[in-house]
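**Q** First, the structure itself, so that you have it in front of you.
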Amino acid sequence: MNILVTGGAGYIGSHTSKLLKKTGRVPVVFDNLSNGWSEWVKFGPFAFGDIRDEEALFRALTGFKIEAVIHFAAKAYVEESTRLPEVYFDNNVNGTISLLKAMKRAGTKTLVFSSSCATYGNAETATIREDHTQAPTNPYGLSKLMCEQVISAAAPVFGLRYAMLRYFNVIGNDPEGEIFERHEPETHVLPNLVSAAMSGSSFCLFGTNHATPDGTAVRDYVHVMDLGQAHIKAITELSARDRLVSNVGTGAGTSVRELLAIVEKELALRVNVEEKPIRPGDPPRLVADDGYLRTWFDHNFKSVSQAVREIAATSRGRGGEELASGGLNGQAD
Ligand SMILES: NC(=O)c1ccc[n+]([C@@H]2O[C@H](COP(=O)([O-])OP(=O)(O)OC[C@H]3O[C@@H](n4cnc5c(N)ncnc54)[C@H](O)[C@@H]3O)[C@@H](O)[C@H]2O)c1
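Residue numbering for the sequence shown follows numbering that gives the first Met the number 0, beginning at 0 and increasing consecutively.
Given below as structure tokens:
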């Protein structure tokens, strides 16, 4: 089965491509390398292009005889989206419309879309179910919600089967260390914490007076390899149903202070912490209700501690260079 992986040169896309190859599928990566790495396109062919280029997508879909699309390509920096909303709507929403048009013309009928817990906005309940109100607090989350709406409106007309997977906070890397999390700038909390621990630089902790037990933001951390497997299972599910809208999270919340303690314990290192104010639009708690996920994806999720151990071990294997030079602005999103 040939699967088009938009955004397959990025973090989650490259890990999922590795899993697709391992399970006998051919991942065809479609990426403009705006935030990805050509050296990570090593599990299948590369079709360089921009998702807003309908013709390039059509050529990839037909040329590689694609049977299903996993659509990761997006701009995904929350803070940047508050400064450049038009860029986010153009890239993420127009890009998704262009993909739908190309799939319609090519007759490709299966789509798995990367959605986000950012579509929910502020949680009204301790854990968030799929039928929770969707009221995003930033343009990034709104762009993802708009994509969900466009896909669900087009699907019955196009005869499209689709999954929308709303990921919570993705962490970890390939335990074999072939690929890993590498963003420039790195805004994700765990790579920045591990980087601070290993390099001795400061970790900026945004928000110590949230309405949470220890005052720091609580998030649901899901391992990227588990997430990749959820995508593969979603494609299988779509052979027997038209629609799957599901959270992908573990149902367990971890605060930033708890994450810090795990990193210090696992690495036996101390982290220098600089406390900063809460960033605007940063919700105190985002934790998945995983009840529905468990009905279709029977899986043992890796723990945060395991993710930390793997990140440290694979980074040391590479000489630790990118973690030792990592960013300073740890962020819980
Ligand atoms: N990382 C998380 O915690 C998280 C959580 C929820 C949802 N998501 C979603 O998962 C997806 C992947 O996230 P990631 O962390 O791997 O991001 P990433 O930035 O590492 O990967 C995105 C990839 O898409 C490519 N891309 C962006 N715009 C493109 C365009 N117009 N045309 C072609 N390629 C383009 C980039 O070059 C990059 O390789 C995104 O849709 C993101 O919104 C991520």
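The beta carbon of each residue, even a glycine, is placed where N, CA and C say it ideally should be.
Could you round the C-beta distance between Gly171 and Arg218 to whole angstroms and report it? I think they count as a contact, below 8 Å.
**A** About 14 Å separates the two Cβ atoms, so there is no contact after all.
**Q** So what does DSSP say about Glu265, is it helix, strand or coil?
**A** Of the three classes helix, strand and coil, the one that applies to Glu265 here is helix, per DSSP.
**Q** Would you mind giving the Cβ-Cβ distance between Thr186 and Ala287, rounded to the nearest angstrom? I have them listed as a contact below 8 Å.
**A** About 21 Å separates the beta carbons of Thr186 and Ala287, which is beyond the 8 Å limit, so they are not a contact pair.
**Q** For Thr5 and His70, I'd like the C-alpha separation in whole angstroms.
**A** Those two C-alpha atoms are separated by around 5 Å.
**Q** Mind checking which residues open and close the alpha helix (DSSP H) that includes Val86?
**A** Under the DSSP assignment, Val86 falls in the alpha helix (DSSP H) whose first and last residues are Pro84 to Tyr87.
**Q** Per DSSP, Arg160 is paired with what?
**A** According to DSSP, Arg160 bridges with Thr109.
**Q** Please tell me whether Gly227 and Thr81 are closer than 8 Å, where the distance is taken between their beta carbons.
**A** no
**Q** Give me whichever residues DSSP pairs with Tyr220 in a beta bridge.
**A** Asn168
**Q** Express the C-alpha separation of Ser194 and Pro44 in angstroms, rounding to a whole number.
**A** 32 Å
**Q** Please classify Asn121 as buried or exposed, where buried requires at least 16 neighbouring CB atoms within 10 angstroms.
**A** exposed
**Q** Any chance you could list the beta strand (DSSP E) runs of at least 3 consecutive residues sitting entirely within the stretch 15 to 92, in chain order?
**A** 25 to 30, 45 to 47 and 67 to 70
**Q** Going by the CB atoms, is the gap between Glu147 and Met163 shorter than 8 Å?
**A** Less than 8 Å separates the beta-carbon of Met163 from that of Glu147.
**Q** Just the Cα atoms here: how many angstroms apart are Leu285 and Asn168?
**A** When only Cα atoms are considered, Leu285 and Asn168 end up about 9 Å apart.
**Q** Can you tell me which of the three DSSP states Asp332 falls into?
**A** Its pLDDT being 44, under 50, Asp332 is placed unreliably by the model, and the measurement read from it follows with that caveat. Correct three-state label for Asp332: coil.
**Q** Any idea what DSSP makes of Asn191, helix, strand or coil?
**A** helix
**Q** Under 7 Å: does the beta carbon of Val68 sit that close to some heavy atom of ligand 1?
**A** no
**Q** Can you tell me whether Val169 sits near ligand 1, meaning its C-beta is under 7 Å from at least one heavy atom of the ligand?
**A** yes
**Q** Could you compute how far the alpha carbon of Ser254 sits from the alpha carbon of Asp213?
**A** 8 Å
**Q** Leaving out the 5 sequence neighbours to the left and right, which residues in its chain are closer than 6 Å to Ala196 when beta-carbon positions are compared?
**A** Val262, Leu266, Leu268 and Val270
**Q** Taking the CB atoms as reference points, tell me whether Arg51 and Asn93 lie closer together than 8 Å.
**A** When the beta-carbon positions are compared, Arg51 and Asn93 come within less than 8 Å of each other.
**Q** Return helix, strand or coil for Gly316, following the three-state DSSP convention.
**A** helix
**Q** Measuring only the C-alpha atoms, how far is Lys108 from His182?
**A** 32 Å
**Q** Quick one: what's got a C-beta closer than 6 Å to Arg128's C-beta in the same chain, skipping five residues either side?
**A** Asp288
**Q** DSSP three-state label for Ala287, please.
**A** Strand.
**Q** State buried or exposed for Asn85, treating a residue as buried only when at least 16 other CB atoms are found within 10 Å of its CB.
**A** At residue 85 the sequence reads Glu, which differs from the Asn that was named. So Glu85 counts as exposed.
**Q** CB-CB under 7 Å to Ser151, same chain, minus the five flanking residues each way: which ones, in chain order?
**A** none
**Q** What did DSSP end up calling Arg242 once you bin it into helix, strand or coil?
**A** strand
**Q** Once the 5 residues before and after Leu99 are set aside, which same chain residues still bring their CB inside 6 Å of it?
**A** Ala153
**Q** Between the stretch 237 to 251 and the stretch 204 to 213, are three or more C-beta pairs nearer than 8 Å?
**A** no
**Q** Bridge partners of Thr253, per DSSP?
**A** Arg218
**Q** Suppose you measure from the CA of Ala67 to the CA of Ser200; what does that come to, to the nearest Å?
**A** 44 Å
**Q** What is the rounded straight-line gap between the Cα of Glu38 and the Cα of Ser113?
**A** Between Glu38 and Ser113, the C-alpha separation is close to 22 Å.
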